[in-house]
Amino acid sequence: MPLRLLPLLTDRPQSGDHLGQLLGVGRVTVNTLARRLQEEGVLVRVSRAGYALEPGTPAPGLVPLRGEFGRALCYRGTVTSTQDELRFWADAERHPAPHGAVVVAERQTAGRGRRGRTWDTTHGTLAFSLLLREALTLPELARMPLAAGVALHAACTDLGVPCGLKWPNDLLTPDGRKLSGILLEADLRGEEARRAVLGIGINVGAAPQGAAHLQEAVPQLTRAEVLGEVLGQLEHWLAQPAPAVLAAWKAASLTLGRPVRVATARAVVEGVARDLDEQGNLLVDTEKGPTTVSAGDVQLVGTLNP
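One rule links them: number in this note's numbering = place in the sequence shown (from 1) + 112.
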């Protein structure tokens, strides 16, 4: 029942009588439902004026969309992870999630990042997942994290936030603090993926210790505004050819030309990040010669200029 109330809420207060008429219940029941949504983590304001979502909440009708991504948008309070929630929706027998569908949540109890890390979703974080139903070849799938990183960089730059990219797709402030993270999971069938789920976490109004958030640079930014801009850029950059993506990534890079230490599954690679190859792999000049890194965690050696 609380989820029946959620789609009716906007950022403008509505009376309990009005919402009760829409739901076919009394205003006391509306109050109970609103309190349950609050307990689940949904940012509902209850006042004498009525019931409303907090301004800037990334909920349907409050996110400024400019393309098709996000037209099907599910907003929740607490979920295990937006990745899991979107997969359940995609597999539903009735009204399955379409291409470009998005799940966004206030809190994840089992959010995950790259290489099995925990995904912290403190208040002020924008955490969402995007469904991509178009078939992808393995090379296209390998380049998708780079394209997603370029999209995040373009969105935040357009919103007035100075930032750059650490390979493959970490968004950093100019002084090297992390602003966001990306997780790509795909269902593989032979030489292609039948669908992919792209999970993104962006520090908008708060950040873990040592990281940064967007409002440091632009205090008035809201999560709804950021989500709309990011979805528009994702729709553009995920459709671009590889040369355009690679060129844009290099232009936004805080990695190339710098000493790096890369932890791979087999060893630690140390040297200078020289370039990306056509597949988006990182080329590192080491003491033993050039090395190609297809996956790994990059540490930038030394400090970045503020």
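Think of the CB as a built atom: it goes at the ideal place given N, C-alpha and C, for glycine as much as any other residue. On a predicted model such as this, the values are computed, not experimentally measured, just so you know.
- Judged by beta-carbon spacing, Gly313 lies beyond the 7 Å limit of Asn281, meaning their Cβ atoms are not closer than that value.
- The beta carbon of Leu326 is closer than 8 Å to those of Cys268, Leu271, Val273, Leu291, Ile314, Asn315, Val316, Gly317, Leu333 and Val338 in its chain, skipping five residues each way along the sequence.
- Non-local beta-carbon contacts of Ala298 in its own chain, meaning distances under 8 Å to residues more than five positions away in sequence, involve Leu248, Leu253, Ala305, Arg307, Ala308 and Val309 in chain order.
- Taking each of Glu382, Asp397, Arg160 and Glu328 in turn and checking the Cα distance to Leu412, the smallest one comes out for Glu382.
- Beta-bridge analysis with DSSP links Leu253 to no other residue.
- One alpha carbon belongs to Cys186, the other to Ile294, and they sit about 19 Å apart.
- Here Ala319 has His325 as same chain residues with Cβ atoms under 6 Å from its own Cβ, once five neighbours each way along the sequence are excluded.
- One thing to note: Lys278 has its Cβ no nearer than 7 Å to the Cβ of Val396.
- One alpha carbon belongs to Arg160, the other to Asp129, and they sit about 12 Å apart.
- In the three-state reduction of the DSSP assignment, Gln195 falls in the helix class, which pools H, G and I.
- Put simply, of Leu350, Phe181 and Cys275 the residue whose alpha carbon is nearest the alpha carbon of Pro210 is Phe181.
- Secondary structure note for Gly132: its alpha helix (DSSP H) is the uninterrupted segment Gly128 to Leu135.
- Each residue's CA atom was taken as its position, placing Pro353 and Trp361 some 13 Å apart.
- Between the C-alpha atoms of Thr285 and Ser365 there is a straight-line separation of about 11 Å.
- Non-local C-beta neighbours of Ala263 in its own chain, meaning closer than 6 Å and more than five positions away in sequence, comprise Gln345, Leu346 and Trp349, ordered along the chain.
- Gly168 counts as buried, since at least 16 other C-beta atoms from the protein chains shown sit within 10 angstroms of its C-beta.
- The stretch 321-406 contains, as complete alpha helix (DSSP H) runs of 4+ residues, the segments 335-349 and 354-364 (chain order).
- Taking the Cα positions, Pro402 is about 16 Å away from Glu390.
- Between Thr141 and Arg188, the alpha-carbon positions lie close to 20 Å from each other.
- Between the beta-carbon of Arg157 and that of Glu166 there is about 6 Å, and that keeps the pair under the 8 Å contact cut.
- By the neighbour-count criterion, in which 16 or more other beta carbons inside 10 Å mark a residue as buried, Gly162 falls on the buried side.
- For Arg307, the enclosing beta strand (DSSP E) has its first and last residue at Glu304 to Asn315.
- Going by DSSP, Glu151 is part of the alpha helix (DSSP H) stretching over Arg139 to Glu151.
- Secondary structure note for Leu115: it is in no beta strand (DSSP E), and the uninterrupted alpha helix (DSSP H) holding it is Pro114 to Leu117.
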